[in-house]
Amino acid sequence: MKNRTKEMNELRSIVISEMTEKVRFILSRSESEGLQWKGTKTDLVELLHEVYYHCGITMEDGSYATFTYLVERAFSVFGMTPPRNPRARAVRAESRKGMRRASLVRRMENVLAGPDGRKALERMMGEWVVS
């Protein structure tokens, strides 16, 4: 059981690291580039919330970005309207169990644990953003 828990923690750590890099990429872009988000709004909110909660994104002045800032900035990059209550949407998304769609983190862990591992995870994340 300890090995399984350790393996899951390692998978989670890799997933969070990959999510953080994807959010940094998104925040470095501008709306004028015409990028499109191909996932769901809920997945985007969950991605932002996970990074906010686990890692934090540092602003130019050294402070941490707020969740509201991350949502507004990322949605503006994609030319999308953010949900009215993104925090509630993120919490609901992260607690999905036994439903048709698992949480984003869980899906990413499953892909990473599969036979293609990191390549499959990169492919999955690469499909989210297109120009």
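Just so we're aligned: the sequence shown equals residues 1392 to 1522 in our numbering. Beta carbons: idealized from backbone N, C-alpha and C, even for Gly. Predicted model, so just to flag it, every value in this text is computed and none were measured.
Which residue's Cα is closest to the Cα of residue i: the options?
i            : options                   : result
residue 1418 : 1399, 1495, 1433 and 1470 : 1470
residue 1422 : 1413, 1464, 1486 and 1516 : 1464
residue 1521 : 1449, 1468 and 1400       : 1468
residue 1513 : 1405, 1401 and 1449       : 1405
residue 1508 : 1394, 1397 and 1401       : 1401
residue 1482 : 1430, 1426, 1438 and 1498 : 1438
Which term fits residue i, buried or exposed, when burial requires 16 or more other beta carbons within 10 angstroms of its beta carbon?
i            : result
residue 1416 : exposed
residue 1454 : exposed
residue 1494 : buried
Here's a check: name, in chain order, each residue in its chain whose Cβ is nearer than 7 Å to the Cβ of residue i, leaving out the five neighbours to either side.
i            : result
residue 1474 : 1432, 1436 and 1480
residue 1407 : 1441, 1445 and 1446
residue 1505 : 1511
residue 1411 : 1442 and 1446
Kindly list the residues whose CB is nearer than 8 Å to the CB of residue i, restricted to its own chain and excluding five residues on each side of it in sequence; keep chain order.
i            : result
residue 1399 : 1500
Among the residues of its own chain, which have a CB less than 6 Å from the CB of residue i, if the five just before and after it don't count?
i            : result
residue 1458 : 1443
Discussion item. So within the region 1407 to 1445, which uninterrupted alpha helix (DSSP H) runs reach at least 4 residues, ignoring any that extend past its ends?
Written reply: 1432 to 1445
Worksheet item: For the region 1474 to 1516, which segments carrying the alpha helix (DSSP H) assignment without a break, of at least 4 residues, lie completely within its bounds, in sequence order?
Response: 1477 to 1485 and 1495 to 1504
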